[in-house]
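So the structure is just underneath, and the comments pick up after that.
Numbering (this note's numbering), first residue to last: 157 to 415.
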């Protein structure tokens, strides 16, 4: 187990350092150069690491594995085309997300013709993130069992991203109750100042949350009354279409509980 753990430590280090040499990795991980070299050699022989001069980097093998994992996700397969339609209709960035290990994972993002923040959104595809400050995350939290949400808050806390981020546990649970009552979530500059998002959960026939969708855009545009209401309707309707398509094609066994 220690060997496997160290191998993953090395993989994460190469990601965080955006590639590195043996000496840098040795110092970063507090391991001897010989140990680091041996792990790198093994990962390279298995095609998960490539070497460019004296620098080691993660290989495209991870991309192939990632695409396999993503396509095995029924929410992605069924929700992908609907998300693309949502981005085209609204012109904004559209997002499809799920929860795993208590964090939000972005399965897919689509840029509409008016979308802003492309670099930031692309970066979000490359990492898991906290759930409490995004529209997709709050839509998911609102439909998880209370004990699961308690565990997530205990495990990760409620770190602040902006002055508007919810950082109090009771305030969060009040917000989640509001989301359940009205059927959609809002990220009102809670993740990025000047950006608002509207989200809705995707649940199965038993009410179990499978993930969520959202659209995001500049606050000044998103808060225009008629436009705001139109976006809410588009997001909620799209989530409902995805739910219907999933429930027509899949059994509950397709969605095991992850921890």
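Glycine included, every Cβ here is placed at the ideal spot set by N, Cα and C.
Within the same chain, Cβ atoms closer than 6 Å to the Cβ of residue 250 are found at 239, 242, 243, 266 and 371, the five residues on either side in sequence being excluded. Between the C-alpha atoms of residue 232 and residue 341 there is a straight-line separation of about 20 Å. Within the same chain, 175 and 206 come within 6 Å of residue 213 by CB-CB distance, once the 5 residues on both sides are set aside.
Less than 8 Å separates the beta-carbon of residue 181 from that of residue 192.
Going by DSSP, residue 255 is part of the beta strand (DSSP E) stretching over 249-256. Here residue 322 is near residue 346, since their CB atoms are less than 8 Å apart. For residue 282, no alpha helix (DSSP H) segment is defined, and its DSSP state is neither H nor E. For residue 356, DSSP records a beta bridge to 369. A residue is called buried when at least 16 other Cβ atoms come within 10 angstroms of its Cβ; residue 282 does not meet this threshold and is exposed. Here residue 276 carries a helix assignment [DSSP, helix/strand/coil]. For residue 357, same chain residues with a beta-carbon under 6 Å away, outside a window of 5 residues either side, are 295, 299, 365 and 368 in chain order. When Cβ pairs closer than 8 Å are counted between the two stretches, the region 313-321 is seen to touch the region 282-291, the count reaching three or more. For residue 161, the enclosing alpha helix (DSSP H) starts and ends at 158-172. From the listed residues 378, 339, 352 and 221, the smallest Cα separation to residue 363 is found for 339. Secondary-structure assignment with DSSP links residue 176 through a beta bridge to 212.
Where residue 236 is concerned, the enclosing alpha helix (DSSP H) starts and stops at 230-246.
In this structure residue 280 is in contact with residue 262, their Cβ atoms being roughly 5 Å apart against a cut-off of 8 Å. In this structure, the straight-line span from the alpha carbon of residue 184 to that of residue 228 is close to 34 Å.
Residue 383: not part of any beta strand (DSSP E); member of the alpha helix (DSSP H) spanning 381-405, first to last residue. Contact check for residue 297 against residue 332 passes: the beta carbons are separated by less than 8 Å. Around the C-beta of residue 404, fewer than 16 other C-beta atoms lie within 10 Å, and the residue is accordingly described as exposed. In this model, residue 374 and residue 400 are separated by some 30 Å (Cα to Cα). If you draw a straight line from the Cα of residue 330 to the Cα of residue 217, it comes to about 44 Å. Judged by their CB atoms, residue 247 and residue 351 are not nearer to each other than the 8 Å cut-off.
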